[in-house]
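Student: Residue numbers (our numbering): 37 to 418.
Virtual Cβ for every residue (Gly too), placed ideally from N, Cα, C.
Note that the structure is a prediction, hence the values are computed from the model and not measured.
Sharing a structure, written as structure tokens. Questions coming.
If you want it as structure tokens, here you go:
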């Protein structure tokens with residue numbers, strides 16, 4: 037087997053969800069809080085748009101990096117929502133946000149280069165860095181999941197090329213505030229670094245908390261790769277439609293990778309993205325409101341059992357369970373065995389995630405109630 041692939045681990049979140057599904061197939065009723073996927077159906081007008089284009093025969097190859105009409109809509113979206121003026125040739129569309137991060141890093145780093153990742157992190161970041169022959173360097177946040185800028189700067193060496201940030205965060209739901217974004221920008225400019233800003237959860241925020249795009253800051257557009265997509269905001273996870281805004285020279289390198297791997301995306305999927313952006317955003321707001329209702333419920337229930345921060349965005353809570361068991365793998369196994377509830381152990385998100393579990397509330401209120409009832413009952417028997 038390849039030395040490179042032997043270095044990487046399977047996705048913990050997908051592995052746990054697969055295990056939960058296997059138990060269900062064997063007749064065991066398991067409630068899964070493991071996967072980060074909206075339980076809503078893709079809005080009808082978006083599905084109809086794709087079906088219409090299939091019926092019209094729009095099933096041939098498309099331009100690598102995205103069809104012009106989708107790139108135009110993404111350009112408008114960046115200006116309106118993020119205050120970043122990306123032209124069409126500074127936009128790149130591919131098969132989900134994950135592959136765009138991979139293509140970005142392939143375009144930016146050389147073997148042995150270092151990439152700073154903020155803990156707790158999305159499980160795929162370090163594995164993607166390793167696949168690109170880079171070295172992930174980790175910086176821990178405080179107990180409220182806030183970034184310590186001094187620790188970030190301390191982690192920078194002559195080999196550092198990129199910092200990856202994710203706001204709102206998977207797994208914590210934390211949002212990086214504007215002051216911290218400006219401090220990260222100052223560091224990037226000072227040390228001539230690129231920033232990969234993963235903003236896939238930007239539409240799922242609560243209260244007065246709104247994400248701030250670091251690429252909108254002075255001198256940052258030319259060193260920022262802004263990552264986004266349709267999976268979370270429009271319940272389009274299986275469509276695999278993601279995009280980035282970035283300097284043209286980086287986009288051109290990403291295109292070369294895409295040409296020799298993915299080639300292009302189906303027209304009908306990209307056209308669905310056009311309609312999603314052009315149409316009323318009421319469907320996005322309706323889903324966000326339901327997520328907020330669920331967040332409020334699970335935070336209340338979790339605080340009765342664990343220590344739990346209130347997430348400002350995304351659809352996860354990341355409670356601390358260490359008063360019961362410090363080892364998150366053991367605790368997750370206990371919940372699966374005794375409560376028949378699948379969660380993701382915090383250690384999957386970095387060393388600072390130990391003692392925590394990630395619970396996705398992208399599921400029905402009935403599942404949330406039944407699952408938390410089962411967790412409470414199981415913990416009473418410890």
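Cα-Cα, which of 320, 411, 350, 364 is closest to residue 397?
Tutor: Position 361 of the chain shown, counting from 1, holds the residue named residue 397. The option with the nearest alpha carbon to residue 397 is 350.
Student: Are the segment 234–243 and the segment 259–267 touching by the rule of at least three beta carbon pairs closer than 8 Å?
Tutor: Yes, they touch.
Student: Closest to residue 8 by C-alpha separation, out of 132, 127, 158, would be which residue?
Tutor: Any property of residue 8 remains undetermined from this structure, which presents the chain solely from 37 to 418.
Student: If we count the other Cβ atoms within 10 Å of its Cβ and call it buried at 16 or more, is residue 347 buried or exposed?
Tutor: Taking the first residue of the chain shown as 1, we reach residue 347 at position 311. With 16 or more other Cβ atoms within 10 Å, it is buried.
Student: Please report how far the alpha carbon of residue 85 lies from the alpha carbon of residue 381, in whole angstroms.
Tutor: Walking along the chain shown from the start, residue 85 turns up at place 49. Walking along the chain shown from the start, residue 381 turns up at place 345. Those two C-alpha atoms are separated by around 39 Å.
Student: Locate the beta strand (DSSP E) running through residue 311, then write down its first and last residues.
Tutor: Walking along the chain shown from the start, residue 311 turns up at place 275. Run containing residue 311: none in the beta strand (DSSP E); it sits in the alpha helix (DSSP H), 303–314.
Student: To the nearest angstrom, how far is it from the Cα of residue 280 to the Cα of residue 98?
Tutor: The residue given as residue 280 occupies position 244 in the chain shown. The residue given as residue 98 occupies position 62 in the chain shown. Taking the straight line from one Cα to the other gives about 18 Å.
Student: Out of curiosity, what's the CA-to-CA distance linking residue 152 and residue 174?
Tutor: Taking the chain shown and counting its residues from 1, the one referred to as residue 152 is at position 116. Taking the chain shown and counting its residues from 1, the one referred to as residue 174 is at position 138. Residue 152 and residue 174: Cα-Cα distance of roughly 6 Å.
Student: With a 10 Å radius around its C-beta and 16 neighbouring C-beta atoms as the bar for buried, classify residue 329 as buried or exposed.
Tutor: Here residue 329 corresponds to residue number 293 of the chain shown, with the count starting at 1. Burial call: exposed.
Student: Could you give the distance in angstroms between the alpha-carbon of residue 338 and the alpha-carbon of residue 111?
Tutor: If you number the chain shown from 1, residue 338 lands on position 302. If you number the chain shown from 1, residue 111 lands on position 75. In a straight line, the C-alpha of residue 338 is about 40 Å away from that of residue 111.
Student: Which residue from 391, 370, 375, 385 puts its Cα closest to that of residue 363?
Tutor: Along the chain shown, one-based indexing puts residue 363 at 327. Residue 363 has its Cα closest to that of 391, out of 391, 370, 375, 385.
Student: For residue 75, which of helix, strand or coil comes out of DSSP?
Tutor: Sequence index remark: in the chain shown, residue 75 carries index 39 (1-based). Coil, per DSSP.
Student: Taking residue 195 as the reference, which of 287, 370, 147 has the closest Cα?
Tutor: Here residue 195 corresponds to residue number 159 of the chain shown, with the count starting at 1. When each option's Cα is compared against that of residue 195, the closest is 147.
Student: Throw me the rounded Cβ distance for the residue 379 and residue 394 pair, which I believe falls under 8 Å.
Tutor: What you label residue 379 is simply residue 343 of the chain shown in a count that begins at 1. What you label residue 394 is simply residue 358 of the chain shown in a count that begins at 1. Residue 379 to residue 394, Cβ: 6 Å. Contact.
Student: When burial is assigned at 16 or more other CB atoms within 10 Å of the CB, is residue 123 buried or exposed?
Tutor: Sequence index remark: in the chain shown, residue 123 carries index 87 (1-based). Classification of residue 123: exposed, given that the 10 Å Cβ count is below 16.
Student: Indicate whether residue 182 and residue 221 have their beta-carbon atoms separated by less than 9 Å.
Tutor: Looking up residue 182 in the chain shown gives position 146. Looking up residue 221 in the chain shown gives position 185. It is not a contact, given that the beta carbons lie outside the stated cut-off.
Student: Please state whether the Cβ-Cβ distance between residue 140 and residue 223 is less than 9 Å.
Tutor: Residue 140 sits at position 104 when you count from the first residue of the chain shown. Residue 223 sits at position 187 when you count from the first residue of the chain shown. Contact flag unset, no.
Student: What does residue 154 pair with, by DSSP beta-bridge criteria?
Tutor: Counted from its first residue, the chain shown places residue 154 at position 118. The partner list for residue 154 (beta bridge, DSSP) reads 175.
Student: The alpha helix (DSSP H) that contains residue 227, what's its start and end?
Tutor: What you label residue 227 is simply residue 191 of the chain shown in a count that begins at 1. Unbroken alpha helix (DSSP H) run through residue 227: 214–227.
Student: Three-state secondary structure (DSSP) at residue 394?
Tutor: Here residue 394 is taken as the residue at index 358 of the chain shown, counted from 1. Correct three-state label for residue 394: strand.
Student: Is the segment 115–129 close to the segment 315–326, with three or more CB pairs under 8 Å?
Tutor: In short, these stretches do not touch, since the Cβ pair count stays below three.
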